[in-house]
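2 protein chains.
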Amino acid sequence: MKNPLGMAVLGLLLESPLHPHAMAATLRERGLDRAFKVTTGSLYDVVRALVREGWIEARETVKVGARPERTVYGLTAAGREEFTRWVDRLVREPQAEFPKFLSAVSYLGALGPAGAVAALRERADRLRASLGEMRAGHRDALEQVPRLFVVEVEYAVRMAEAELAWVEEVVGDVESGRLAWPEEAR
Amino acid sequence: MKNPLGMAVLGLLLESPLHPHAMAATLRERGLDRAFKVTTGSLYDVVRALVREGWIEARETVKVGARPERTVYGLTAAGREEFTRWVDRLVREPQAEFPKFLSAVSYLGALGPAGAVAALRERADRLRASLGEMRAGHRDALEQVPRLFVVEVEYAVRMAEAELAWVEEVVGDVESGRLAWPEEAR
DNA sequence: CTCCGATCGCTCGGATTCGAGTATTTGTGC
DNA sequence: GCACAAATACTCGAATCCGAGCGATCGGAG
């Protein structure tokens with residue numbers, strides 16, 4: 001079980017038992033779909049895996065109307081423990097990750113100086129837009145809930161700001177020639 | 001074809017035809033395994049996919065001694081074009097990604113104030129260590145190749161610095177009470 | 001000259017992932 | 001009271017991913 005969505009599920013069930021569809025809906029309501037990739041397809045797989053590990057268990061299967069049955073899952077004692085361990089580990093140990101932008105920047109040379117500047121400028125614009133949305137969302141959320149519950153947005157904002165600053169700096173460096181384009185890089 | 005490793009392969013073949021094992025070796029030599037997840041298993045799948053798309057093609061199959069045959073692949077004209085488009089798109093359009101730390105921070109509450117501070121402190125230490133390595137590696141590399149070829153390391157360093165700064169700030173905020181721990185968060 | 005670890009180069013299959021599809025029901029505007 | 005969008009709830013199969021091998025060869029120590 002490596003999928004962080006599993007952690008999200010445990011975290012939700014800490015509050016109260018739910019059926020899969022409700023988990024997805026709740027995660028989206030709380031904006032946690034910015035932090036977890038929540039796709040329904042994967043969700044059912046993840047739930048099955050959590051059951052296999054003994055961290056959650058089916059509580060009841062209710063049928064409302066003629067819709068498909070809903071199986072409600074609740075946390076086990078082991079699941080409760082696992083959740084904390086899981087969060088703790090992910091906070092403690094930086095994982096090697098491979099953001100697509102990092103990959104792309106490795107081959108920035110291929111765009112040529114003018115192409116690189118154009119592409120980076122567009123990225124900067126998009127980053128500014130999404131930063132605007134995040135900041136607004138954060139402000140609104142803070143009126144509803146304590147800061148601790150939206151602290152991950154602050155992290156996301158900081159990282160986006162850092163990226164934006166770097167992108168702008170590189171644009172400047174290319175234009176001023178501080179970042180030279182050697183022959184070998186087309 | 002979504003795997004960025006495919007982009008890395010196209011980028012390598014731009015220089016000269018190679019067989020899969022040599023691709024992996026070259027990527028590692030150049031330290032690009034920090035930017036691309038290069039696992040041999042996936043590599044062969046990715047190469048097959050690139051052939052299917054018509055972006056690379058088998059050039060020859062040589063047999064040296066009694067070892068398994070090596071199939072050498074080279075770029076096609078379509079592959080050359082696709083590579084540029086690929087880099088351009090990834091630079092232009094920020095992708096929604098889901099770093100594990102972002103997920104974990106969403107449930108930071110579960111660790112309690114003391115637990116959170118402890119875990120964050122450990123992360124900070126690890127980040128400092130890996131920053132040290134990255135900076136040293138970058139310095140060394142700069143003596144060998146032009147800056148453009150290691151510019152992705154500068155990005156990685158900046159992002160790690162931003163994360164470290166944020167982590168240290170949150171530790172301070174928890175300790176000073178500026179980041180309060182409401183009852184609901186255990 | 002012979003043993004052993006490192007390197008070469010690839011295959012395989014289990015596990016995971018997720019988009020697209022299905023089918024019902026509720027709500028809304030006209 | 002009817003059409004139509006949205007929400008409810010889940011299944012399925014195709015694609016992808018990747019760790020764990022596997023067998024050969026090479027280089028160097030003794």
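Protein sequences appear in the order of chains R and W. The first sequence lines up with residues 1 to 186 when you count with the UniProt record's numbering. The second sequence lines up with residues 1 to 186 when you count with the UniProt record's numbering. We put the beta carbon where it would ideally sit given N, CA and C, even for glycine. Because the structure is a prediction, the values reported are computed rather than measured.
Short CB-CB distance (under 9 Å) between residue i and chain R
i               : result
A156 of chain W : yes
G109 of chain W : yes
P17 of chain W  : no
T84 of chain W  : yes
D140 of chain W : no
M7 of chain W   : yes
L13 of chain W  : no
L102 of chain W : yes
G115 of chain W : yes
E152 of chain W : yes
Residue i at chain W interface by Cβ criterion, 9 Å
i               : result
E143 of chain R : no
A25 of chain R  : no
V46 of chain R  : no
W55 of chain R  : no
L43 of chain R  : no
E60 of chain R  : no
E175 of chain R : no
K63 of chain R  : no
M134 of chain R : no
V72 of chain R  : no
G137 of chain R : no
V105 of chain R : yes
L179 of chain R : yes
R28 of chain R  : no
M159 of chain R : yes
Beta-bridge partners of residue i, as assigned by DSSP
i              : result
L18 of chain R : R:Y73
A62 of chain R : According to the sequence displayed, residue 62 of chain R carries Val and not Ala. In the DSSP output, where bridge partners are listed per residue, V62 of chain R has R:R70.
E57 of chain R : R:G74
Anticipated Cβ contact below 8 Å, residue i with residue j, distance rounded
i               : j               : result
P94 of chain R  : S103 of chain W : Wrong, their Cβ atoms sit about 13 Å apart, outside the cutoff.
L148 of chain R : A180 of chain W : 7 Å
L120 of chain W : V171 of chain W : 5 Å
F83 of chain R  : L14 of chain R  : 7 Å
V47 of chain W  : P20 of chain W  : 5 Å
A24 of chain R  : L43 of chain R  : 6 Å
K37 of chain R  : F98 of chain W  : 5 Å
R186 of chain W : G112 of chain W : 6 Å
Y107 of chain W : V87 of chain R  : 5 Å
L27 of chain R  : A8 of chain R   : 6 Å
M159 of chain W : M134 of chain R : Wrong, their Cβ atoms sit about 17 Å apart, outside the cutoff.
Residue span of the alpha helix (DSSP H) that contains residue i, given as start and end
i               : result
E175 of chain W : 151-176
Y44 of chain W  : 40-53
P94 of chain W  : Looking at the DSSP string, P94 of chain W is not in any alpha helix (DSSP H), and its letter there is neither H nor E.
F36 of chain R  : That residue, F36 of chain R, is in no alpha helix (DSSP H); it is neither H nor E in DSSP.
F101 of chain R : 100-106
G6 of chain W   : 4-13
Any non-hydrogen atom of the ligand MN closer than 8 Å to residue i Cβ
i              : result
A96 of chain W : The ligand MN is absent from the structure shown, which contains no ligands of any kind.
- Message: I'd like the ranges of any beta strand (DSSP E) spanning at least 3 consecutive residues and lying wholly in the segment 118-144 of chain R.
- Response: none
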